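Peer 1: I'd like to ask you about the structure that follows.
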Amino acid sequence: MLIDDPDDPRVADYRAAFRDRAPGLFLCEGRFVVRRLLAAPRFRTRSVLATPRALEELRDALGPTPPPVFLASTATMRAIFGFKFHRGCLALGERPAQVDSPESVLGPPPADGAPSAPRVVIGLDDVSDPDNVGGIFRNAAAFGASGVLLSAGCADPLYRKTIRVSMAATLSIPFARSEWSAALDALRRGGYTVVALTPDPDAEPIGRVAPRLAGTRLALILGAEGYGLGALSRGRADVCVRIPMAPGVDSLNVATASGIALHRLASGIMGDEP
879 MLIDDPDDPR VADYRAAFRD RAPGLFLCEG RFVVRRLLAA PRFRTRSVLA
929 TPRALEELRD ALGPTPPPVF LASTATMRAI FGFKFHRGCL ALGERPAQVD
979 SPESVLGPPP ADGAPSAPRV VIGLDDVSDP DNVGGIFRNA AAFGASGVLL
1029 SAGCADPLYR KTIRVSMAAT LSIPFARSEW SAALDALRRG GYTVVALTPD
1079 PDAEPIGRVA PRLAGTRLAL ILGAEGYGLG ALSRGRADVC VRIPMAPGVD
1129 SLNVATASGI ALHRLASGIM GDEP
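Structure representation (structure tokens):
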């Protein structure tokens, strides 16, 4: 279906989603991310908007029953979004009507007396920057984390920039946003060891703690840059850990820190030595 008028009502949802004014929808940008959306079983693709060249590169991903596809020139794309659009294609995804619960992300607790399979999840305590949330999801995918719990103050995992920075990991890794005390309670019921990452010099070095946690269920809790972990997260943690750094450096970007911590803690999941 050809779009040659930027005010065509068929692309009104794209304009609204680009400005974060499309309830129930989210926007994906670029060939790689759109491919991931089309392949994601958790989300339905409402439609695709692409230049002819981008569409040719996407045809194999559309499947036997593709969503509606709108074609537009680069000039029309520029007029729709108000800037020179370089990525060639976008897609609208539908947000699930039912928000996942923490329990759906954590999986069932181990049966009484049965050993629990190694499992790592991430908890984000008011991490409000989309770049950081996207980077953490990307690291979660790289190091085998099975899910992410988010407090109410976290950036939206389905915001277009978060999706893009995560390399579409937010479309594949289960996540749940809930009241934070309830999420921490769910971790306890699920048999998880709660590991809070902090720059506090009194915390244990992560390399010393990681061997003790090998082969267990654990939750890595991360706080926002600047404010750090909230009092509730620190109070509910089973152990607080830090990443040793050179003198004069007091902290790392939270996404960077998540990658280092996951590499140390998730070696049992990945099957490699730390």
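Under our numbering, residues 879 to 1152 are what the sequence shown spells out, in order. Backbone N, C-alpha and C define an ideal beta-carbon position, used for all residues, glycine too. The structure presented is a predicted model; accordingly, all values stated were derived computationally and were not measured.
(1) How many Å lie between Leu915 and Leu903 at the Cα?
(2) From Ser1145 to Leu927, what does the alpha carbon distance come to, in whole angstroms?
(3) In whole angstroms, what is the alpha-carbon distance linking Thr968 and Thr929?
(4) Return helix, strand or coil for Phe1015, following the three-state DSSP convention.
(5) Would you tell me roughly how many angstroms separate the C-alpha atoms of Arg920 and Pro1125, rounded to the nearest one?
(6) In three-state terms, what does DSSP make of Val1087?
(7) Is Glu934 helix, strand or coil by DSSP?
(8) According to the neighbour-count rule (16 or more other Cβ atoms, all chains shown, within 10 Å of its Cβ), is Phe910 buried or exposed?
(9) Please classify Arg956: does DSSP put it in a helix, a strand, or coil?
(10) Which residues mark the beginning and the end of the beta strand (DSSP E) in which Ser925 is found?
(11) Would you tell me roughly how many angstroms separate the C-alpha atoms of Ala971 and Ile1000, rounded to the nearest one?
(12) Locate the alpha helix (DSSP H) running through Ile1099, then write down its first and last residues.
(13) With C-beta atoms as the reference, is Gly1069 less than 7 Å away from Pro987?
(14) Quick test of the definition: if touching needs 3 or more C-beta pairs under 8 Å, does the region 1039-1057 touch the region 1014-1029?
(15) How many Å lie between Glu1082 and Arg973 at the Cα?
(16) Looking at C-alpha atoms only, which residue of Ser979, Asp1009, Ser1111 and Glu934 is the closest neighbour of Val1072?
(17) According to DSSP, is Phe910 part of a helix, a strand, or is it coil?
(18) From Cys1032, Asp1080 and Val1043, pick the residue whose C-alpha is nearest to that of Ala1019; which is it?
(19) Taking all protein chains shown into account, do 16 or more other C-beta atoms lie within 10 angstroms of the C-beta of Tyr1105, making it buried, or fewer, making it exposed?
(20) Do you know how far the Cα of Ile1099 is from the Cα of Asn1017?
(21) Could you please give me the residues that DSSP links to Val1117 through a beta bridge?
(22) Where does Asn1010 land, buried or exposed, given buried means 16+ other C-beta within 10 angstroms?
Peer 2: In short:
(1) Spanning the two alpha carbons is a distance of roughly 13 Å.
(2) Answer to the nearest angstrom: the Cα atoms are 41 Å apart.
(3) The identity of residue 968 in the sequence shown is Leu, whereas the question assumes Thr. Leu968 and Thr929 have their C-alpha atoms roughly 9 Å apart.
(4) Note: Phe1015 maps to helix in three-state DSSP.
(5) Arg920 and Pro1125 have their alpha carbons spaced roughly 45 Å apart.
(6) For Val1087, the three-state secondary structure derived from DSSP is helix.
(7) Looking at Glu934 - three-state DSSP - the assignment turns out to be helix.
(8) In the assembly as shown, Phe910 is an exposed residue. Its beta-carbon has fewer than 16 other beta-carbons within 10 Å.
(9) DSSP, read as helix, strand or coil, puts Arg956 in helix.
(10) That run of the beta strand (DSSP E) goes Arg922 to Ala928.
(11) The sequence given here places Gly at residue 971; Ala does not occur at that position. In this structure, the straight-line span from the alpha carbon of Gly971 to that of Ile1000 is close to 24 Å.
(12) No alpha helix (DSSP H) holds Ile1099; the beta strand (DSSP E) holding it covers Arg1095 to Gly1101.
(13) Yes, these two residues count as a Cβ contact at 7 Å.
(14) A contact exists between the region 1039-1057 and the region 1014-1029.
(15) A direct Cα-to-Cα measurement between Glu1082 and Arg973 gives close to 40 Å.
(16) Comparing Cα positions, the closest option is Ser1111.
(17) Helix.
(18) Residue Val1043 holds the alpha-carbon nearest to the alpha-carbon of Ala1019 among Cys1032, Asp1080 and Val1043.
(19) By the neighbour-count rule (16 or more Cβ atoms within 10 Å), Tyr1105 is not buried but exposed.
(20) Answer to the nearest angstrom: the Cα atoms are 14 Å apart.
(21) DSSP output for Val1117 lists Val1073 as bridge partner(s).
(22) With 16 or more other CB atoms across the displayed protein chains lying within 10 angstroms of its CB, Asn1010 is buried.
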